[in-house]
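Participant: So the sequence shown is numbered by the working numbering: it starts at 10 and just counts up by one. For each residue, glycine too, the CB sits at the ideal point set by N, CA and C. Model, not experiment: these values are computed from the prediction. Provided herewith is a single structure, encoded as structure tokens, for subsequent inquiry.
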Amino acid sequence: MILVVLRCVTGWHFFMEGSKKVQTGDFSSAGFLRNAKGPLADNFRGMVFDLYGTHRLSKKEIMDRAAGYRDWAKDKFGDESINQFQKALDRYGSRIDYYFEENAEEIEKYFNELQVYEEKRQDERYRGVAHYEDRLADKDKELFGKLSKWTNDIAKFEADYIDDLNTIGQSVTQTDARVNQVNPNQGSVDLIVTWVLFVCGILLILGLFTRLAALGVAGFLLQVMLAQWPFAHGADLTYVYYQSVEFVSLLLIAAIGAGRFAGLDYILWNSFSKCCSRGASNKGE
Numbered sequence: 010m011i012l013v014v015l016r017c018v019t020g021w022h023f024f025m026e027g028s029k030k031v032q033t034g035d036f037s038s039a040g041f042l043r044n045a046k047g048p049l050a051d052n053f054r055g056m057v058f059d060l061y062g063t064h065r066l067s068k069k070e071i072m073d074r075a076a077g078y079r080d081w082a083k084d085k086f087g088d089e090s091i092n093q094f095q096k097a098l099d100r101y102g103s104r105i106d107y108y109f110e111e112n113a114e115e116i117e118k119y120f121n122e123l124q125v126y127e128e129k130r131q132d133e134r135y136r137g138v139a140h141y142e143d144r145l146a147d148k149d150k151e152l153f154g155k156l157s158k159w160t161n162d163i164a165k166f167e168a169d170y171i172d173d174l175n176t177i178g179q180s181v182t183q184t185d186a187r188v189n190q191v192n193p194n195q196g197s198v199d200l201i202v203t204w205v206l207f208v209c210g211i212l213l214i215l216g217l218f219t220r221l222a223a224l225g226v227a228g229f230l231l232q233v234m235l236a237q238w239p240f241a242h243g244a245d246l247t248y249v250y251y252q253s254v255e256f257v258s259l260l261l262i263a264a265i266g267a268g269r270f271a272g273l274d275y276i277l278w279n280s281f282s283k284c285c286s287r288g289a290s291n292k293g294e
């Protein structure tokens with residue numbers, strides 16, 4: 010009974026975490042991964058989507074995305090509104106130009122500071138020096154804050170542009186069809202984390218493929234703990250303390266195969282056993 014409760018409660022926790030990320034669609038692991046500590050810090054930082062914003066702060070790439078949405082709207086709503094779609098794109102382009110002109114000095118300063126930061130970060134002489142690493146961590150947070158503001162602003166401008174495309178298309182076709190924004194600040198890691206938590210949470214609640222689901226989420230928690238290496242300076246040990254309890258629980262669920270108790274794995278297990286026993290008896294005959 011306790012194992013069933015443990016499996017369901019753990020599954021519910023991860024299902025809720027995953028469903029929140031699915032519903033909002035704006036989950037980003039960038040802040041956590043950038044702040045990784047310990048010997049694997051560079052590996053985790055390397056997992057961050059567009060770490061320093063070189064792509065998301067490129068006007069060419071921004072307008073290439075916008076042109077893609079225009080073409081998507083044309084395919085969705087037809088060619089009748091192509092001229093209006095193009096005008097919406099031109100308006101969006103003007104808005105982006107104005108934004109970059111308004112922030113040109115700050116963006117240039119950001120990339121200059123970023124270059125200095127990276128040079129200092131790669132300087133082996135200061136590796137492991139606590140005061141030096143604290144200053145680098147503070148600088149990284151400052152740079153990340155600036156980048157987040159600009160990229161969030163641009164994402165909002167893009168959302169407004171897509172709303173314009175939908176308004177134009179829906180007024181012509183008289184339908185509820187929509188072009189949906191793909192979050193420009195999300196990378197593959199963010200999507201993987203979201204769906205691993207969501208799907209594995211459901212599987213744990215149902216007791217279906219329980220071992221696989223438990224190991225999948227345990228692997229995620231292990232990555233979280235490794236990103237805050239307990240013996241590294243500046244590591245946030247609250248991640249390790251809290252996650253380790255759930256990590257051990259998931260290993261227990263996987264080892265016992267808790268889905269065989271009041272779970273769908275019980276049905277699969279019985280069906281498989283009957284199938285195998287029939288096959289064995291047929292061979293014996």
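Return the bridge partner residues of Lys-46 from the DSSP annotation.
Facilitator: Gln-237.
Participant: Below 8 Å between beta carbons: does that hold for Leu-273 and Gly-216?
Facilitator: Contact: yes.
Participant: Suppose the cutoff is 7 Å on Cβ atoms and the five residues either side in sequence are ignored; what does the same chain contact list for Ala-244 look like?
Facilitator: Same-chain partners within the cutoff: Lys-46, Gly-47, Gln-237 and Trp-238.
Participant: For Glu-294, which residues in the same chain have their Cβ closer than 6 Å to its Cβ, ignoring the five residues on either side in sequence?
Facilitator: With a pLDDT of 48 at Glu-294, under the threshold of 50, the modelled position of that residue is not reliable, and the figure given next carries that caveat. For Glu-294, where only same-chain residues beyond five positions count, there are no Cβ hits under 6 Å.
Participant: Among Tyr-61, Asp-162, Asn-92 and Asp-51, whose alpha-carbon lies nearest the alpha-carbon of Phe-120?
Facilitator: The shortest C-alpha separation from Phe-120 is found at Tyr-61.
Participant: Going by C-alpha distance, which of Asp-199, Gly-178, Ser-197 and Asp-59 is nearest Asn-189?
Facilitator: Measuring from the Cα of Asn-189, the nearest candidate turns out to be Gly-178.
Participant: Indicate the three-state DSSP secondary structure (helix, strand or coil) for Ser-290 in the structure shown.
Facilitator: Caution applies to Ser-290, whose pLDDT of 49 falls short of 50 and renders its modelled position unreliable; the model cannot decide the point.
Participant: Would you say the region 122-131 touches the region 198-214, given that touching needs at least three Cβ pairs under 8 Å?
Facilitator: No, the region 122-131 is not in contact with the region 198-214.
Participant: Could you have a look at Leu-66 and say whether DSSP puts it in helix, strand or coil?
Facilitator: Coil at Leu-66, not helix or strand.
Participant: Using CA coordinates, which residue listed in Val-208, Gly-225, Arg-220 and Ile-71 is at the minimum distance from Lys-30?
Facilitator: Of the candidates Val-208, Gly-225, Arg-220 and Ile-71, the one whose C-alpha sits nearest the C-alpha of Lys-30 is Val-208.
Participant: Hey, Ala-223 and Leu-213 are a contact pair by Cβ (cut 8 Å); roughly how many whole angstroms apart?
Facilitator: Sure, about 7 Å apart at Cβ, within 8 Å.
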